[in-house]
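Accompanying notes for the structure given below.
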Amino acid sequence: MTNSDLGKFGVWRHYKGFAPAAAREIEELGYGALWLGGSPPADLLVAESLLEATESLIVGTSIVNIWTAPAETVAESFHRIDQRFPGRFLLGIGVGHREANGAGAVKPYEALVAYLDELDAAGVPKERRALAALGPRVLKLARDRTAGALPYLTPPEHTRTARETLGAEALLVAEQKVVLDDDVARARELARGTVSMYLGLVNYLGNLRRVGFSEEDITKPGSDRLIDVLAVNGTPAEVAAGLVAHLDAGADHVAIQPLNEDYLEALRALAAVLPFTR
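Under my numbering, the final residue of the sequence shown carries the number 309; numbering is consecutive throughout.
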């Protein structure tokens, strides 16, 4: 798998309840990858079912949580999937959030290194895995030990600095929330329902401070400035411009997370204006 195999745009969705028919439509619309959030279990059966339902779509995890998905089981699942669908699965892994992982999730960086060591020993290729990475230390680990980085809840400013840290060759996939609605007040209200729940997690808060947001911006429920950047809103053309901003900042691929209730309709509208062959 090369960076170009993903295409320029993909779709990010929670893995629970995701229907194979939706994956088929996403593929038909021209999106190159489907990213499964919400810490899919180690058996990776949901990823396998979506690969089974499609022909060329890349499926990736964004991300498997190292505290809940044992590396040995994940490696076995990877090899099972790769045997059936060579080159179409990318294993995204990460440490999740200490607020959710409990007291046992200590020394997350060291645990992540140990997890990668286990994947190495089990024969999971470096180029077929990526890390959830925000800060410089984990971005460098992603560069050195995996295909690249899968940052989440980040503006184009972070994409630019991440590219500088990763170098030119590593994969960089930027997740971007969107709301297709030209009523700004209504779009912000919808976006806050999702974005504000991340504003109590220290890793995201620290990263948002690093890229220039103030304490006022990141205090729940989030300033208008913050919301408009983390969940780009407007017409399909306006939203598409916000997605392209990540590519201009150095991303190889943008994982689009529509917050509209009818997310497939939002993806259809975007597909009509996105520069898939940019």
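Here a beta-carbon is modelled for each residue, glycine too, at the ideal position from N, C-alpha and C.
Worksheet item: Considering only C-alpha positions, which residue in the set Ala102, Ile124, Thr308 is nearest to Ala152?
Response: Translated into the one-based positions of the sequence shown, residue 152 becomes position 121. Minimum Cα distance to Ala152 is reached at Ala102.
Worksheet item: Out of curiosity, what's the CA-to-CA distance linking Asp2 and Tyr62?
Response: No answer is possible for residue 2: it lies beyond the span of the chain, which begins at 32 and ends at 309.
Item to complete: In angstroms with no decimal places, state the Cα-to-Cα distance between Gln114 and Glu83.
Response: Here residue 114 refers to the residue found at position 83 of the sequence shown. Here residue 83 refers to the residue found at position 52 of the sequence shown. Using only the alpha carbons, I get a separation of about 12 Å.
Worksheet entry | Range of the contiguous beta strand (DSSP E) that encloses Thr92 | The sequence position of residue 92 within the sequence shown is 61, counting from 1. Here the beta strand (DSSP E) through Thr92 covers 89-92.
Discussion item. Classify Phe40: buried if its beta carbon has 16 or more other beta carbons within 10 angstroms, exposed otherwise.
Written reply: As a working note, residue 40 is residue 9 in the sequence shown. With 16 or more other Cβ atoms within 10 Å, it is buried.
Worksheet item: Hey, would you say Gly253 sits closer than 8 Å to Arg299, going by beta carbons?
Response: Here the question's residue 253 lines up with position 222 in the sequence shown. Here the question's residue 299 lines up with position 268 in the sequence shown. No, Cβ-Cβ distance for Gly253 and Arg299 is not below 8 Å.
Worksheet entry | Exposure label - Lys26; buried when at least 16 CB within 10 Å | The structure shown has nothing for residue 26, since the chain only spans 32 to 309.
Discussion item. I need the boundaries of the alpha helix (DSSP H) containing Asn264, first residue and last residue.
Written reply: Taking the first residue of the sequence shown as position 1, residue 264 is located at position 233. No alpha helix (DSSP H) holds Asn264; the beta strand (DSSP E) holding it covers 262-265.
Discussion item. Under DSSP, the alpha helix (DSSP H) around Gly224 begins and ends at which residues?
Written reply: Taking the first residue of the sequence shown as 1, we reach residue 224 at position 193. Residues 215-226.
Practice prompt. Determine, using beta-carbon pairs with one atom in the segment 285-297 and one in the segment 35-50, whether at least three such pairs fall under 8 Å.
Written response: yes
Worksheet item: How is Arg44 classed by DSSP in three states: helix, strand or coil?
Response: As a first step, residue 44 is located in the sequence shown; it is residue number 13 there, counting from the start. In the displayed model, Arg44 falls within a strand according to three-state DSSP.
Worksheet item: Shortest alpha-carbon distance to Thr85 belongs to which of Thr99, Ala50, Gly243, Arg219?
Response: For the purposes of this step, residue 85 is taken as residue 54 along the sequence shown, with counting starting at 1. With distances taken between Cα atoms, Thr85 lies closest to Ala50.
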